[in-house]
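Trainee:
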């Protein structure tokens, strides 16, 4: 291809992408067909046509064009993106008149895995395999690959950390977070490290990580989670008065969201027979609003710090302990006091 032809091809493919981005699929398709006829050995037109057909739910045509693009990927630079879209094409399960005749979850998985073998591919390839994989070991390997391939993406670090947490490998979780702490200035990472230190009863370290997390936090909506963690540390240290004051404060700030439970249960665990009124007075002052309407629960959840991976909130004790405490309070009340 001469320099003039190469420039003409670039202008035409850029024009096709512009039409696609403007959602003018008909014009984009028309330009792509012209490009493909004039430059049959170039992959750009077939690649974009594959995406256009995917958007139009014409999955057979999409796969045909994408495979043609893959065949013309002589420099092996676009294969990761082509395989990603093939994974999407075979993985799109529809429940309408536009049923996908190609739907095959296993074939979809293989294409996504093939996409990862290339130097570059869309970050969403990781997300697609996350939805597919059920085995925690596979997820761990996936997120390790993701961290190497996309080192700036904190979300993959947090997913790896969360997977280790779910299978009880806390030491590995901590190693991942400590490594991330050096690379990312992250409230979420510091918050999770504070929780790990709290579970180990390393209260000074838990406080220190939490202090650093508060200094970094720029999301006012997530301040509640940091205060709750502060209260949980105080409770574990045995400073029930301080913990109770913080729980009451978090309850009052969150009493019209589903988050009110955490402050309320925290207060419950800090009171005894002589101070039950501190707990019952909160209940009597509650506004019976959306937090009691099932359809509206989780309306303010999940909570995020500085990533797209939501955080976990903890009660100061296991739920069954809180239930027993609540039951003991109920037995001391008369009539309908509680």
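Residue numbers (this note's numbering): 51 to 388. Don't be surprised by glycine CBs; every beta carbon is placed ideally from N, CA and C.
#1: By a C-beta neighbour count over all protein chains shown, 10 Å radius and 16 as the cutoff for buried, is residue 334 buried or exposed?
#2: In whole angstroms, what separates the C-alpha of residue 187 from that of residue 355?
#3: Could you pull out every unbroken beta strand (DSSP E) segment of at least 3 residues lying fully inside the segment 127-171, listed in chain order?
#4: Give me the Cα-Cα distance between residue 257 and residue 295, rounded to the nearest whole angstrom.
#5: Pick helix, strand or coil for residue 108, following the three-state DSSP scheme.
#6: Measure the Cβ-Cβ separation of residue 275 and residue 253 and say whether it is below 9 Å.
#7: Return helix, strand or coil for residue 215, following the three-state DSSP convention.
#8: Do you know how far the Cα of residue 160 is from the Cα of residue 143?
#9: With DSSP run on the structure shown, which of helix, strand or coil describes residue 238?
#10: Apart from the five residues just before and just after residue 247, which ones in its own chain have a Cβ nearer than 7 Å to its Cβ?
#11: Considering Cα atoms alone, identify which of 145, 125, 126, 154 is closest to residue 139.
#12: Looking only at its own chain, which residues have a Cβ that is under 6 Å from the Cβ of residue 389, when we skip the five neighbours before and after it?
#13: So what's residue 123 in DSSP terms, helix, strand or just coil?
#14: Express the C-alpha separation of residue 305 and residue 358 in angstroms, rounding to a whole number.
#15: Should residue 61 go down as buried or exposed, given a rule of 16 or more other Cβ atoms within 10 Å for buried?
#16: Threshold first: 4 residues or longer. Then list the alpha helix (DSSP H) segments lying entirely within the segment 253-319, N to C.
#17: Under a three-way DSSP split, which group does residue 329 fall into?
#18: On the CB-based measure, 16 or more other CB atoms within 10 Å of its CB, does residue 317 come out buried or exposed?
#19: Look at the Cβ atom of residue 364, then the Cβ atom of residue 279, and state whether they are nearer than 9 Å.
Mentor: Let's see:
#1: Position 284 of the chain shown, counted from the first residue, corresponds to residue 334. With fewer than 16 Cβ atoms within 10 Å of its Cβ, residue 334 is classed as exposed.
#2: Position 137 of the chain shown, counting from 1, holds the residue named residue 187. Position 305 of the chain shown, counting from 1, holds the residue named residue 355. Going by the C-alpha atoms only, they are around 27 Å apart.
#3: none
#4: Along the chain shown, one-based indexing puts residue 257 at 207. Along the chain shown, one-based indexing puts residue 295 at 245. Residue 257 and residue 295: Cα-Cα distance of roughly 17 Å.
#5: For the purposes of this step, residue 108 is identified with residue 58 of the chain shown, where counting begins at 1. Correct three-state label for residue 108: coil.
#6: Your numbering for residue 275 matches position 225 in the chain shown. Your numbering for residue 253 matches position 203 in the chain shown. In this structure, residue 253 does not lie closer than 9 Å to residue 275 by Cβ.
#7: Position 165 of the chain shown, counting from 1, holds the residue named residue 215. Residue state, collapsed to three classes: helix.
#8: Walking along the chain shown from the start, residue 143 turns up at place 93. Walking along the chain shown from the start, residue 160 turns up at place 110. If I take the Cα positions, the gap works out to 16 Å.
#9: Against the chain shown, residue 238 aligns to sequence position 188. It is helical.
#10: On the chain shown, position 197 is the one that residue 247 refers to. Same-chain partners within the cutoff: 255, 256, 259.
#11: Reading the chain shown from its first residue, position 89 is the one you call residue 139. Nearest C-alpha to residue 139: 154.
#12: This structure does not reach residue 389, given that the chain is present from 51 up to 388, and the question cannot be answered.
#13: In the chain shown, counting from the first residue as 1, residue 123 sits at position 73. Of the three classes helix, strand and coil, the one that applies to residue 123 here is coil, per DSSP.
#14: Numbered from 1 along the chain shown, position 308 holds the residue referred to as residue 358. Numbered from 1 along the chain shown, position 255 holds the residue referred to as residue 305. Approximately 25 Å, taken between the alpha carbons.
#15: Numbered from its first residue, the chain shown carries residue 61 at position 11. So residue 61 ends up on the exposed side.
#16: 253-266, 273-287, 290-304
#17: For the purposes of this step, residue 329 is identified with residue 279 of the chain shown, where counting begins at 1. Of the three classes helix, strand and coil, the one that applies to residue 329 here is helix, per DSSP.
#18: Along the chain shown, read from residue 1 onward, the residue named residue 317 stands at position 267. So residue 317 ends up on the buried side.
#19: For the purposes of this step, residue 364 is taken as residue 314 along the chain shown, with counting starting at 1. For the purposes of this step, residue 279 is taken as residue 229 along the chain shown, with counting starting at 1. Cβ distance < 9 Å, so residue 364 and residue 279 count as in contact.
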